[in-house]
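Right, one structure below, let's go through it.
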Amino acid sequence: MQNQKKVKLALDYVRDTLPPGVPSPQWAIVLGTGLSNAMPDITIQKSISFGEIPGFPAATVASHQGCLALAAVQGVPVWLQCGRVHLYEGHSPGDVVMPIRLLHGLGVRRLLLTNAAGSLHHAWDAGDIMVVADHINMTGVSPLTGPNVAAWGDRFPDMSAVYSPALQTMALEAGCRCGMRLRHGVYIGVQGPQLETPAETRMYKRLGADAIGMSTVLEAIAARHLGIELCALSVLTNKNLPGNMAPACLEDIIAVAEATSRDLARVITSMAPHMASPTVCAQPS
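Numbering (the working numbering), first residue to last: 3 to 287.
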């Protein structure tokens, strides 16, 4: 149970570094590519870099800050994970989802994942924000491969409602309150790091995907396994048209993500009091 031992070691360290008497929040935000500075009005009480946490995977991508913070959004306590690790960095599926398992150990029962993604929908543009309704796992791996840890969840977790319908509605309503029309669709996760070809783009569209990225799906699987109620938001950073594919580079993707981060922050801030409320109906675990 190597993964379980690593999570326990990390959990013990984080607990020991928390300010005494401060309760651990029951919800968390994960900020993806180019989005680590998406919450300028957040109050940080304690920040821990990934490198400080024993056994924790190191974030090697420049656009991922790589830290875990005890914070507050307009006075609402929250765990804030700035950046993540990916399969394409050479990390194992277990390491990719280790932060999610750590957050669960800290008491997190509701999770908001964010990512930067390419739009596969002909009518959606760069700068739009999509609420994830479902996903397609094209990474070829699962974080649940290997011996099951019963304390984390069932051997064969149900995946019929990975993304909480109640939280999806909450996110869409938050967009309306902020004067934004959020998109709503299917995210397809690939391993990367290469971007998709025109032929791959056509295939993913035919599979029913509306947006594509290199993260989130493994974290979502682990969260579902743990019984965490989940919502995910994708910032659409580029548009993939298979008949007219324009070259894309990471710098442009990050630039769009950063430009859209203020809108994302408004949505998250509007959601915060509701995410922290125990009255939202959680899905069955």
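Ideal placement from N, C-alpha and C gives every residue a C-beta, glycine not left out.
Limits of the unbroken beta strand (DSSP E) element including residue i
i    : result
L72  : C69 to V75
E231 : E231 to K241
T45  : T45 to S51
L82  : V78 to C84
I214 : A213 to G215
V219 : No beta strand (DSSP E) contains V219, which is instead part of the alpha helix (DSSP H) from V219 to L228.
R179 : First-last for R179: P167 to R179, but that is the alpha helix (DSSP H), not the beta strand (DSSP E).
G191 : R185 to G191
Supposed contact pair residue j and residue i - C-beta distance, whole angstroms, cut 8 Å
i    : j    : result
Q193 : T141 : 5 Å
V151 : A30  : Between A30 and V151 the Cβ distance is about 20 Å, and since that is not below 8 Å, they are no contact.
G187 : A135 : 6 Å
A60  : F52  : 6 Å
I50  : A74  : The pair is not a contact, with the Cβ atoms about 16 Å apart (cut-off 8 Å).
S263 : L37  : 5 Å
C180 : S272 : 6 Å
Check whether residue i and residue j have beta carbons under 7 Å apart
i    : j    : result
L228 : H106 : yes
I102 : A274 : no
I214 : L122 : yes
I190 : Y206 : yes
L13  : P56  : no
A168 : V258 : no
R185 : P244 : no
E231 : R112 : yes
S236 : M161 : no
N139 : V219 : yes
H93  : M172 : no
K48  : L70  : no
D130 : L238 : yes
V143 : P195 : no
S26  : L108 : yes
For residue i, the nearest candidate out of the options (CA to CA)
i    : options                   : result
A298 : R208, I223, K241 and L33  : As displayed, the chain neither begins before 3 nor continues past 287, which places residue 298 out of reach and without an answer.
F58  : G109, Q83 and P149        : Q83
D97  : L146, I46, L72 and L108   : L146
N5   : Q67, V99 and Q47          : V99
A265 : W81, C178 and T62         : It should be noted that the sequence gives Asp, not Ala, for residue 265. The shortest Cα separation from D265 among W81, C178 and T62 belongs to C178.
P289 : R17, W154, A248 and V32   : Any question about residue 289 goes unanswered here, given that the chain covers just 3 to 287.
I270 : T35, E175 and L20         : E175
T35  : S217, A153 and P22        : S217
D212 : P27, A119, L252 and Q76   : A119
T62  : W81, E54 and E91          : E91
A267 : G210, W154, V32 and L252  : V32
P159 : E198, P149, G210 and I223 : I223
Boundaries (first-last residue) of the alpha helix (DSSP H) holding residue i
i    : result
A248 : Unbroken run through A248: none, as it is neither H nor E.
R204 : P200 to R208
V16  : Q4 to T19
Whole runs of the beta strand (DSSP E) within the stretch 86 to 143, excluding any shorter than 3 residues: 112 to 121 and 131 to 139
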